[in-house]
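Residue numbers (the working numbering), protein chains in the order written: chain A, 49 to 450; chain P, 1108 to 1439; chain R, -18 to 287.
Yeah, the Cβ is synthetic: ideal placement off N, Cα and C, and Gly gets one too.
Heads up: the structure comes next, in structure tokens.
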Amino acid sequence: MAYVFRRFGQMLILVVIALAAVFSTQRLAPGGPFDGEKPPPPEILANLRAYYDMDLGMPSQFMGYLFGMAARDVGQSGRPGRVHWLTIPDRAKVSITGSIYDELTDDDLLVRKWCPWDEWLSRWVSSKPDQRPLRKCGVLRGDFGLSMTKRNIYVNDYVRDGLPGTLKYAVPSLLFALFLGVPMGFLAAYFQNTRVDFAMVSAGMVGTIIPNLVMGPILIYLLAIQLDGFFHWLFVDYLDWVELSRRQRTLNLIPSGKSGGPIHYFLPTLVLGTALLGRIVRLSRAGALEALRSNYVRTARSKGLPNWLILFRHVLKPGILPVVTYLGPVSAVILTGSLVIEYTFSLPGLGSQFISAATDRDYTLLMGTTVILLVFVIVLNFIVDLLYTWLDPRIRTEGSPT
Amino acid sequence: MTQAILSLRDLTIHFKTPDGIVKAVNGVSLDLREQEILGIVGESGSGKSQTWMAPMGLLADNASVSGQALFEGQDLLSLEPRALNRVRGTKISMVFQDPMTCLNPYLSISTQMMEGLRFHDRSISKTEAKKRCIAMLERVAIPDASRRFRQYPHELSGGMRQRLMIAMALLNDPKVLIADEPTTALDVTIQAQILDILRELQAERGMSIVLITHDLGVVAETCDRVAVMYGGRVQETAAAQALFENPQHPYTIALMQATPRVEADAETQRLAAIPGQPPNMRVPPPGCAFFPRCPLGAPDLCTAATPPLEERDQDHFCACYKADAPQLLKEA
Amino acid sequence: MSLLRPERSEAALNGAFDAVKSRSLTRLAFERFSRNKVAVVSTIILAVLVLLAIFAPVAEILTGYTMEFQDRNFYSAKPPNWEAKHFLGTDQNGRDIMVRVIFGMRISMLVALVAATVALVVGVLYGAISGLVGGWVDVLMMRFLDLLISYPLTLIAVIALAYFGRNIYIVFAIIGLVEWQIMARVVRGQVLSLRNSDFIEAARATGVPTTSIVLHHIIPNVIGIAVVYLTLTIPEVILVESFLGFLGLGVQEPNTSLGVLISEGATRVEHKPWLVFSPGVFLVLLLMSLNFIGDGLRDAFDPKDR
């Protein structure tokens, strides 16, 4: 257990480092969120920068981003006010002047002293933008701040809208790859160097060789065009049946926008899952092969145990261990893959927000999505470590993997 | 003479490898008699382990086996997997060389011990099985058995693991125990303990033990009868005492000279290594496998055909054309 | 006083060794590789693709279309037309797809080669330093690498590219920095096993200075394995490049790459499949051949993995 927590701590440190890196690069890089086609007048720009604390020094900005920052009297004096770390006055007033941004003109935006978790959670449920207080509570208390390009939208809201869209496809495809890939790898190992082995390994290879940015369009083409044509021919021309709508003919397989339905999971999951499948088949095959050749399996056979029992009891754990270690890096594959499927199938999700935030220089949105993606990675790695300690008793007692 | 319990008849094992067929075992016929400890001696590559893996069905997939291994009227080599599973682990058990790798590191000792017991006899309850396992652990002198029972293999020392292996093998009260170099990986002091345990248990339960080893000392200490193997064949079998007092085969003699002894003449006599290499079993030498390294080898006689096992003395067989080998060697 | 006749046994010894006459490691590896049919076929395919990329301008001459040329008669993506010599069709702006795909592949290969070299240099340096210095430096560096391996560096690359423009040199560097960790780990493993090997020990015992040990024993032995893993890194790099291109973050006009071409067609595949198929097929062929060659090489040099 100590090992797991140590790993978790290391990951957290790495996240903070990554955040600092992203935070500083984006502020050092040329360009900024406010220089659009028509740059705002200098005084408004100054106010905007002060409003987003961009006029402060970089360390202060970063600390403020992490831990929260006091409300600053920006509009009236025209210069940045004092900064109070973690001591946020009750119902302080912040206003922004500037007529171009009419959404925000002279609005009284409230800053609360604390962001109680219940209030924070309730924000995920209710969505009345005008009733929300402006909070600069810092990332560590769950506040990602306001988006910089769409200035009346909270990054939290973006995340709330985007995260389910990403997880919706990421989790099923991971499960798909695991629950298909591991048995395939075990079969391949059990029937090593036979046709079964060859079939399993090459089936797994398909996804590795055809990258998902090619696989997506090809599947759309095959299912949308070819299946549609085939069913049209079958029902209308050949069977002389009723004319079905195109949606019915293609089995409604192509996800479009937000419209849902379980069938829409099929293509994205397939595209995302097959990208992982090959590696998982290979790893579980290698793990199972090693176990099958091991002395302890020979011992088990000498005990007169049948093959199925040996596979399930003696080979299962060592066979899936390599797959479990791969689950850490897999998070990166899933994240990049979900960017691709969001683009290919025009799905809403964190990935597209991430890309647009990066290209639009929306600092807060980019930081927010990065945090969420990194948390995804951390959680997956945490699960990996838990699984690892559960699978390998040697770690449980010795405290580190050998 | 007591009866044979497990008889190998003309056992031949070949392995298909990418570089050719390895003829590991070539026509071994051997009897394991009731209630005896049979020592199998030979250097690595002599096929001594493979010979006894075969009746257990534990050979690698690329092995092709011919011949017979008769046990209780059945030929183990031609049994179906299911029928074989009813024999191995219950009537014939095996203990392996390296206790560090022969136990599954991912499973607890309790799981690994109880599975063999409960799979073969479903009527045994969990508590009953546990009781029997712990009793067995105590029998092989594992201290604090009930705590050890709950642990994992990596928490045990090497000697303890080998004792655990023995306990596991004997749970079902087998008639035959095949011990494949059970002491090779262990310290000398622990070796003696393990051999003691084996001998005690053999006397106590009246089972037969096959003790595969390359260590003549272990054989002299433990075994009733010895078979010397070289190049995938039995070269000499005899009662242990007879073999040590009156070795017949040149290989056996060379082997004994290559074994360090604490005796008076050890000072004057240098340890004689056997020159040359063990035969390449992809292309075994024609005729007698030991011929290329044999000091007595006669080119035409020994390479013409493999020498058959002939009875030299009562119950003392030797496969060599030179009937007077010991004499000749002494003269030279 | 040996009883045994040494001359005879030596003859037997030679006889026994005839069958396994020592062959050099590389020759053995080459033989294993050439026995691997898939790898050999992949090598041929890759050779063809590389030749296509090298002689890409020939495609312009043969078809008469340059990469930039917009054919007025073939605006808004027309299907393949052999009479007009648009063998793979045209894109939205009436440019010939075949010419663009070949040039795109050229860029993809170039990026892959340079970025993989960056990865090679970084990985080998990191791994070699970690392995050679040892001690706590090694522990620290490997811990960091462990963390980095389960880290979505591609996302960092997205951010970096979005911020620092899409200059082709920046693309090289950033992609190279994404894919070096496995190389580092492999190199470190090799260095460590070399360091502990008997012949290094022997060299050290006979007083060979450290620099010459590193130069004459460690570096030549590491280069082999690094090259093998380089062939496995190249397809990864191509994948990253096409991914970034697909998201619009790769090379910029007038250059193009396979990923950029695929992304141009991906959303129109229902009506204009040739936009995706041609670059897609080339990308798949490229990745496939590289993957199989890399696997074949690794198996040939390190057969224990099978």
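Answer yes or no: the CB of residue i versus the heavy atoms of the ligand PLP, is any distance below 7 Å?
i	result
G1196(P)	Of ligands this structure carries none, so the ligand PLP is not represented either.
Suppose you measure from the CA of residue i to the CA of residue j; what does that come to, to the nearest Å?
i	j	result
L32(R)	N74(R)	27 Å
W172(A)	R208(A)	Note on W172(A): pLDDT 44, under 50, position unreliable in the model; no value is reported.
G57(A)	L67(A)	15 Å
P1382(P)	V118(R)	49 Å
P1385(P)	V1335(P)	14 Å
P216(R)	S89(R)	10 Å
A225(A)	G1180(P)	50 Å
G1339(P)	G1152(P)	8 Å
P1415(P)	F1398(P)	14 Å
A1174(P)	D276(R)	The question names Ala, but residue 1174(P) in the sequence shown is Gly. The straight-line gap from Cα to Cα measures roughly 41 Å.
L315(A)	L270(A)	11 Å
F279(A)	E251(R)	16 Å
G233(A)	V1341(P)	42 Å
E1352(P)	H1423(P)	12 Å
G1196(P)	L340(A)	18 Å
L230(R)	V195(R)	41 Å
R185(R)	T191(R)	8 Å
T1119(P)	N177(R)	42 Å
L1113(P)	A109(R)	58 Å
S193(R)	I200(R)	10 Å
R169(R)	G112(R)	5 Å
L1183(P)	I358(A)	21 Å
L222(A)	P78(A)	38 Å
S386(A)	A141(R)	19 Å
If you measure from the beta carbon of residue i to each beta carbon in chain R, is any gap under 8 Å?
i	result
S332(A)	no
V62(A)	For clarity, residue 62(A) is Leu in the given sequence; the question names Val instead. By this cut-off, L62(A) is an interface position.
V264(A)	Looking at the sequence shown, residue 264(A) is not Val but Gly. Yes, G264(A) lies at the interface with chain R (some Cβ there is under 8 Å from its Cβ).
I443(A)	no
Y269(A)	yes
Counting only beta-carbon separations shorter than 8 Å, does residue i have a partner in chain A?
i	result
M1163(P)	yes
F1226(P)	yes
S223(R)	yes
D1251(P)	no
C1209(P)	yes
Nearest by alpha-carbon distance to residue i: which of the options is it?
i	options	result
V82(R)	I130(R), A65(R), V168(R), L267(R)	L267(R)
L1323(P)	A1432(P), T1291(P), F1398(P), T1296(P)	T1291(P)
N1192(P)	L1113(P), A1111(P), F1226(P)	F1226(P)
H67(R)	N17(R), S259(R), T237(R)	S259(R)
A323(A)	F53(A), I382(A), R409(A), A236(A)	I382(A)
V1390(P)	S1114(P), L1115(P), L1118(P), D1126(P)	D1126(P)
L213(R)	M269(R), R176(R), R185(R), F263(R)	M269(R)
L1284(P)	Q1300(P), R1306(P), R1255(P), G1265(P)	R1306(P)
L242(R)	V139(R), D72(R), I149(R), E12(R)	D72(R)
Just checking: is the beta-carbon of residue i within a distance shorter than 8 Å of some beta-carbon in chain P?
i	result
D433(A)	no
D191(A)	no
H312(A)	no
I136(A)	At I136(A), the pLDDT of 32 sits below 50, so the modelled position is not reliable; the number obtained from the coordinates is stated separately. Judged by the 8 Å Cβ criterion, I136(A) is not in contact with chain P.
D440(A)	yes
D361(A)	Inspection of the sequence shows that residue 361(A) is occupied by Arg rather than by Asp. For R361(A), the answer is yes, since a Cβ of chain P falls inside 8 Å of its Cβ.
- Are the stretch 102 to 118 of chain R and the stretch 159 to 167 of chain R in contact at 8 Å, needing three or more beta carbon pairs? The answer is yes - the stretch 159 to 167 of chain R touches the stretch 102 to 118 of chain R, with three or more Cβ pairs under 8 Å.
- Chain-ordered residues of the stretch 371 to 387 of chain A with a beta carbon less than 8 Å from chain R: Cβ contacts with chain R: G376, P377, S379, A380, L383, T384, L387.
- Task: Indicate whether the contact test is met: 3 or more Cβ pairs, each with one atom in the stretch 428 to 447 of chain A and one in the stretch 232 to 250 of chain A, closer than 8 Å.
- Result: Result no; under three Cβ-Cβ pairs closer than 8 Å.
- the stretch 344 to 357 of chain A: which residues have C-beta closer than 9 Å to a C-beta of chain P, in chain order? Taken in chain order, the members of the stretch 344 to 357 of chain A whose beta-carbon sits within less than 9 Å of a beta-carbon on chain P are Y344, V345, R346, T347, A348, R349, S350, K351, G352, L353, P354, N355, L357.
- Task: Could you tell me whether the stretch 1138 to 1151 of chain P touches the stretch 1314 to 1325 of chain P, where touching means 3 or more Cβ pairs closer than 8 Å?
- Result: Result yes; three or more Cβ-Cβ pairs closer than 8 Å.
- Message: Output needed in chain order: residues of the stretch 102 to 136 of chain R with a Cβ under 9 Å from some Cβ in chain A.
- Response: Closer than 9 Å at the C-beta level to chain A, one finds these residues of the stretch 102 to 136 of chain R: R124, F125, D127, L128, L129, I130, S131, Y132, P133, L134, T135, L136.
- Message: Taking beta-carbon pairs under 7 Å, can you tell me which members of the stretch 247 to 278 of chain R lie near chain A?
- Response: A247, V250, E251, P254, V257, G261, L264, V265, L268, M269, N272: these are the residues of the stretch 247 to 278 of chain R whose beta carbon lies less than 7 Å from some beta carbon of chain A, given in chain order.
- Query: If you measure beta-carbon to beta-carbon, which residues of the stretch 203 to 225 of chain A are closer than 8 Å to chain R?
  - Reply: Of all residues in the stretch 203 to 225 of chain A, none has a Cβ within less than 8 Å of some Cβ in chain R.
- Message: Assess contact between the stretch 248 to 259 of chain A and the stretch 330 to 338 of chain A, defined as three or more Cβ pairs (one per stretch) separated by less than 8 Å. Is contact present?
- Response: Taking 8 Å as the limit for Cβ pairs, the verdict is that the stretch 330 to 338 of chain A does touch the stretch 248 to 259 of chain A.
- With a cut-off of 8 Å, do at least 3 Cβ pairs link the stretch 1207 to 1218 of chain P to the stretch 361 to 379 of chain A? Judged by Cβ distances under 8 Å, the stretch 1207 to 1218 of chain P makes contact with the stretch 361 to 379 of chain A, as three or more pairs qualify.
- In chain order, what residues of the stretch 51 to 80 of chain R put their CB closer than 8 Å to some CB of chain A? Considering only beta carbons, no part of the stretch 51 to 80 of chain R lies closer than 8 Å to chain A.
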